[in-house]
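Undergrad: Can you keep this structure in mind? I'll have questions shortly.
There are 2 protein chains.
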Amino acid sequence: MVSNTQLVSTLEADGQLTVHLRDEALPDPTGHEVLVRIDAAPINPSDLALLFGPADLANAQYSPGKIVATMPEPAVRAMAGRLGEVCPVGNEGAGTVIAAGDAPEAQALLGKLVAVIPGAMYAQYRLVDARACLVLPDGATAEQGAGAFVNPLTALSFVEMLRREGHKALVHTAAASNLGQMLLRICQADGVPLVNIVRSPAQVALLKGAGAEYVVDSSAASYHDDLIAAIEATGATLGFDAIGGGKQAGQILAAMEQVASKGAAFSRYGSNTFKKVCVYGALDMGPTVFNRSFGFSWAIAGFLLTPFLAEIGAEAAERLRQRVRDELTTTFASHYKARVTLEQALTRDVALAYNVRATGEKYLITPHG
Amino acid sequence: MVSNTQLVSTLEADGQLTVHLRDEALPDPTGHEVLVRIDAAPINPSDLALLFGPADLANAQYSPGKIVATMPEPAVRAMAGRLGEVCPVGNEGAGTVIAAGDAPEAQALLGKLVAVIPGAMYAQYRLVDARACLVLPDGATAEQGAGAFVNPLTALSFVEMLRREGHKALVHTAAASNLGQMLLRICQADGVPLVNIVRSPAQVALLKGAGAEYVVDSSAASYHDDLIAAIEATGATLGFDAIGGGKQAGQILAAMEQVASKGAAFSRYGSNTFKKVCVYGALDMGPTVFNRSFGFSWAIAGFLLTPFLAEIGAEAAERLRQRVRDELTTTFASHYKARVTLEQALTRDVALAYNVRATGEKYLITPHG
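In order, the protein sequences belong to chains A and B.
Counted from 1, the first sequence has number 205 at position 205 by our numbering; the numbering is strictly sequential.
In our numbering, each residue carries its 1-based index in the second sequence increased by 1000.
Here's what the structure looks like:
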């Protein structure tokens, strides 16, 4: 039995959001279970969605280990399923196995540094199934392994889908993100042409500095022409969009269609080239809007990592995981702006800072300081 | 050699749309070709898109065999590919084979009544490949066979996709249409639950009278609740949308998600139930708008008949065609409000009437009177 502090988020029907630390007693691990002392857990956008959503943090009440904020009414309605539920936060992280159940798979991990993705990782300790642990390579640190699942496997999945569906090149939005930089390195290594869409000249410079060939700035007056030129140069027909709201997904399909129909005889049904944009994030939580100016051979689809890995099967998923392990400190290196404890994460200045979701400014929770 | 009159549509860069009759000399059929005397050709929404698009017919100039109208500027830009091109109109139709090339397949059709889908069917005659002809069953009329391709095969394709992708039930918008009524009869025969979305109480009565079990009126105050109830009763996770613009596709996905997540533990990623809406028409040419309030397991995709038939392969496509032939005067019966000649189709009152695209008011062109 170990005493554990964990960070939880609770939304009530009246819109009151309480994010606080609570203590619980964790039983000893049995069978295949191992007890992991969590050394580092990243704050990903998907974590922020559960932690705060669009709640008003600027005008929240802060006390030690507790934030009480107001959630806008439309968001409360959209989150009807979680009302009154105490939700532990933190998708993934890395730490040390300090106790294990009887099963050989569990015993084998004793003392090992592992990465896991069970949820509820903003805590001091976590009981997890040994078979879901990814043992970090020798010499790797918990900080290096903390984000070994979500971003690396998501970026690898993009290229995996490209291959399975027979596309030649990718388009990626919010491409200067931590995930975007990983995707760039994967595409460079694998020879997959990648059109990076970013939102400022500074982000263009960042990706160009990392060797990106095609970087398009959506804040530039020439954005639309630049996008078409890059899609024409690469032959991209598959896009991944982290933004979700607004017109960008549709603009990407329209640009792909313009390239596909160049030189072909006019058809009022558009080209036969299949074009697809997968929405995997919601940096803009507003509605998605598109003019169907790209024929009938298109799809806009949601993308989520876990069902995708299930769809490709255990063997393919393990191949992706193995690559993460092999290239943890190179292709999949993450950089963190700051490390914060569980208590610090609930203070005003820190919460406002990491909730900005600024590209390239990723935070790491270190529950043991 | 035969002298032929055909109906063509030409759009110039300045927005002037000319729809007129022109004469041409057709060579004699050779090889696999047959010469079809066109007896009947339906005016489908997809024909109207090429014929007039959003041009201003009310203020057009009408003279015998000719309409000159103005196309709105945004539409001119969207149709850049057809500027200056003389486009023959008329996707499908039926008629009698009056001459044939030497090939046995062609010779075998002499004197037969056939349905074809080569385009350019608003004409007196058409040269087509014998192997693309569908011979109408004994006793069938040209009027009965005129629409044997587009609507019947599209409706059959919806049920085909449902089976291939493992869905249990369908949702269909603009369900009181000619195509919608065919789909209803197919679903009744095949035992596939179908949620019919219509836009007026009169259309509810029409479909209920035809034996439809689930009919939802989008003009009713209770629309959203009614839709959820019908989706819950049927388990529908696949929708087909003829409307395209506006919020309906997203509302269908949201209703499917509400049903899928009922009783399940809250997940901020939504349910794992895959939900899909295919957009196959553009009754509303405005932008498509949706709030992504249905998790990440979804897709909105374009649907077009020809690529779908190619995708399922020749054998499956022939199975669908055979069913159309077998059930031409029952399941796939079409009703026409009026028959018009090529000359009548270009007069003001007639053109304004069939361009309304009103549900259940379908027109038939009969080039030989």
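For each residue, glycine too, the CB sits at the ideal point set by N, CA and C.
Taking C-beta pairs closer than 7 Å, name the residues in chain A that B:S1293 reaches, listed in chain order.
TA: Your numbering for residue 1293 of chain B matches position 293 in the second sequence. Going along chain A in sequence order, the residues near B:S1293 (Cβ under 7 Å) are A78.
Undergrad: So which residues of chain B does A:P287 contact, with C-beta pairs closer than 7 Å?
TA: The residue given as residue 287 of chain A occupies position 287 in the first sequence. Result: V1289, F1290, N1291.
Undergrad: With DSSP as the reference, label A:C278 as helix, strand or coil.
TA: Reading the first sequence from its first residue, position 278 is the one you call residue 278 of chain A. Residue state, collapsed to three classes: strand.
Undergrad: With which residues is B:N1059 paired in a DSSP beta bridge?
TA: If you number the second sequence from 1, residue 1059 of chain B lands on position 59. Paired residue(s): none; B:N1059 is not in a bridge.
Undergrad: Tell me the rounded alpha-carbon separation between B:W1298 and B:K1275.
TA: Within the second sequence, the letter at position 298 stands for residue 1298 of chain B. Within the second sequence, the letter at position 275 stands for residue 1275 of chain B. B:W1298 and B:K1275: Cα-Cα distance of roughly 5 Å.
Undergrad: Would you verify that the beta carbon of A:I300 is, or is not, closer than 7 Å to some beta carbon of chain B?
TA: Residue mapping note: residue 300 of chain A aligns to position 300 of the first sequence, counting from 1. True, the Cβ-Cβ gap to chain B drops below 7 Å.
Undergrad: Say whether chain A places a C-beta atom closer than 7 Å to the C-beta of B:G1244.
TA: As a first step, residue 1244 of chain B is located in the second sequence; it is residue number 244 there, counting from the start. Cβ-Cβ to chain A under 7 Å: yes for B:G1244.
Undergrad: If I follow the unbroken beta strand (DSSP E) through B:G1302, where does it start and stop?
TA: Mapped onto the second sequence, residue 1302 of chain B falls at position 302. Taken as a continuous stretch (DSSP letters only), the beta strand (DSSP E) holding B:G1302 covers 1298-1302.
Undergrad: From the DSSP output, which residues share a beta bridge with A:I197?
TA: Residue mapping note: residue 197 of chain A aligns to position 197 of the first sequence, counting from 1. According to DSSP, A:I197 bridges with A:V216.
Undergrad: Taking Cβ-Cβ distances shorter than 8 Å, what residues in chain B pair up with A:N272?
TA: Position 272 of the first sequence, counting from 1, holds the residue named residue 272 of chain A. What A:N272 touches in chain B: P1307.
Undergrad: Which bits of chain B does A:L304 rub up against, with CB to CB less than 7 Å?
TA: As a first step, residue 304 of chain A must be located in the first sequence, where it is residue number 304. Going along chain B in sequence order, the residues near A:L304 (Cβ under 7 Å) are Y1269, F1296, S1297.
Undergrad: So, is B:G1302 buried or exposed, given that buried needs 16 or more other C-beta atoms within 10 angstroms?
TA: Position 302 of the second sequence, counted from the start, is the residue given in the question as residue 1302 of chain B. B:G1302 comes out buried.
Undergrad: Excluding five sequence neighbours on each side, which residues of the same chain lie with their C-beta closer than 6 Å to the C-beta of A:Q344?
TA: Within the first sequence, residue 344 of chain A is the residue found at index 344, counting from 1. Hits under 6 Å: V350.
Undergrad: Since B:P1370 and B:M1182 should fall inside the 8 Å C-beta cutoff, what is the C-beta to C-beta distance between them, to a whole number of angstroms?
TA: There is simply no residue 1370 of chain B to check, as chain B begins at 1001 and stops at 1369 in what is shown.
Undergrad: If you follow the alpha helix (DSSP H) that A:A155 is part of, which residue opens it and which one closes it?
TA: In the first sequence, residue 155 of chain A corresponds to position 155, counting from 1. Residues 150-165.
Undergrad: Thinking C-beta only, is A:A99 closer than 7 Å to A:L35?
TA: Counted from its first residue, the first sequence places residue 35 of chain A at position 35. Counted from its first residue, the first sequence places residue 99 of chain A at position 99. Yes, Cβ-Cβ distance for A:L35 and A:A99 is below 7 Å.
Undergrad: Are the C-beta of A:E257 and some C-beta of chain B separated by less than 7 Å?
TA: Within the first sequence, the letter at position 257 stands for residue 257 of chain A. No - not a single Cβ of chain B is within 7 Å of the one on A:E257.
Undergrad: Could you tell me whether the Cβ atoms of A:L21 and A:N4 are closer together than 7 Å?
TA: By one-based count along the first sequence, residue 21 of chain A stands at place 21. By one-based count along the first sequence, residue 4 of chain A stands at place 4. Not a contact, by the Cβ cut-off of 7 Å.
Undergrad: Considering Cα atoms alone, identify which of A:R82, A:I197, A:E92 is closest to A:G228.
TA: Within the first sequence, numbered from 1, the residue matching residue 228 of chain A stands at position 228. It should be pointed out that residue 228 of chain A corresponds to Ile in this sequence rather than to Gly. Per the Cα distances, A:I197.
Undergrad: Could you check what DSSP says for A:E361 in three-state terms: helix, strand or coil?
TA: Within the first sequence, the letter at position 361 stands for residue 361 of chain A. A:E361: coil per DSSP, three-state reduction.
Undergrad: Where B:G1442 and B:L1253 are concerned, what is the direct C-alpha to C-alpha distance, given to the nearest angstrom?
TA: An answer regarding residue 1442 of chain B cannot be provided, because it is not within the stretch 1001 to 1369 covered by chain B.
Undergrad: Could you check the C-alpha separation between A:A264 and B:A1069 for me, to the nearest Å?
TA: Here the question's residue 264 of chain A lines up with position 264 in the first sequence. Here the question's residue 1069 of chain B lines up with position 69 in the second sequence. Distance between the alpha carbons of A:A264 and B:A1069 is about 27 Å.
Undergrad: Report buried or exposed for B:N1059, applying the criterion of at least 16 other Cβ atoms within 10 angstroms of its Cβ.
TA: The residue given as residue 1059 of chain B occupies position 59 in the second sequence. So B:N1059 counts as exposed.
Undergrad: Please go through the same chain and pick out, in chain order, the residues whose beta-carbon is closer than 6 Å to the beta-carbon of A:K112, but skip the five residues on each side of it.
TA: As a working note, residue 112 of chain A is residue 112 in the first sequence. Result list for A:K112: V97, V135, in chain order.
Undergrad: Quick check: the Cα distance between A:M1 and B:D1217, rounded to an integer number of angstroms?
TA: Translated into positions along the first sequence, residue 1 of chain A becomes position 1. Translated into positions along the second sequence, residue 1217 of chain B becomes position 217. Straight-line Cα distance between these residues: approximately 59 Å.
Undergrad: Using a C-beta to C-beta distance shorter than 7 Å, which residues of chain A count as neighbours of B:E1232?
TA: The sequence position of residue 1232 of chain B within the second sequence is 232, counting from 1. Residues of chain A passing the Cβ test: none, with the nearest at roughly 16 Å.
Undergrad: Name, please, each residue of chain B whose Cβ falls closer than 7 Å to the Cβ of A:S261.
TA: For the purposes of this step, residue 261 of chain A is identified with residue 261 of the first sequence, where counting begins at 1. Per Cβ cutoff of 7 Å: G1081.
Undergrad: Strictly below 9 Å CB to CB, what residues from chain A border B:E1033?
TA: For this step, residue 1033 of chain B is matched to residue 33 along the second sequence. Within chain A, no residue comes near B:E1033; the closest Cβ sits about 21 Å away, beyond 9 Å.
Undergrad: Name the DSSP bridge partner or partners of B:K1066?
TA: Working through the second sequence from its first residue, we reach residue 1066 of chain B at position 66. Partner(s): B:H1020, B:S1063.
Undergrad: Using a Cβ-Cβ cut-off of 7 Å (strictly less than) and excluding sequence neighbours within five positions of A:D47, which residues of its own chain qualify?
TA: Residue numbering aside, residue 47 of chain A sits at position 47 when the first sequence is read from its first letter. Cβ within range, chain order: V89, G90, N91.
Undergrad: In chain order, which alpha helix (DSSP H) runs of at least 4 residues are fully inside the stretch 297-354 of chain A?
TA: Entirely contained in the stretch 297-354 of chain A, the alpha helix (DSSP H) runs reaching 4 residues are, in chain order, 305-312, 314-326, 342-345, 348-354.
Undergrad: Assess contact between the stretch 1323-1331 of chain B and the stretch 317-329 of chain A, defined as three or more Cβ pairs (one per stretch) separated by less than 8 Å. Is contact present?
TA: Judged by Cβ distances under 8 Å, the stretch 1323-1331 of chain B makes no contact with the stretch 317-329 of chain A, as fewer than three pairs qualify.
Undergrad: According to the neighbour-count rule (16 or more other Cβ atoms, all chains shown, within 10 Å of its Cβ), is A:Q251 buried or exposed?
TA: Locating residue 251 of chain A in the first sequence gives position 251, counting from the first residue. Burial call: buried.
Undergrad: List, in order along the chain, the chain B residues whose C-beta lies closer than 7 Å to that of A:A282?
TA: Taking the first sequence and counting its residues from 1, one reaches residue 282 of chain A at position 282. Correct list: R1292.
Undergrad: Tell me, please, whether the CB atom of B:F1266 is closer than 7 Å to any CB atom in chain A?
TA: For this step, residue 1266 of chain B is matched to residue 266 along the second sequence. So yes, B:F1266 belongs to the interface.
Undergrad: Got a sec: is the Cβ-Cβ distance from B:E1165 to anything in chain A below 7 Å?
TA: On the second sequence, residue 1165 of chain B is found 165 positions in, with the first residue counted as 1. By this cut-off, B:E1165 is not an interface position.
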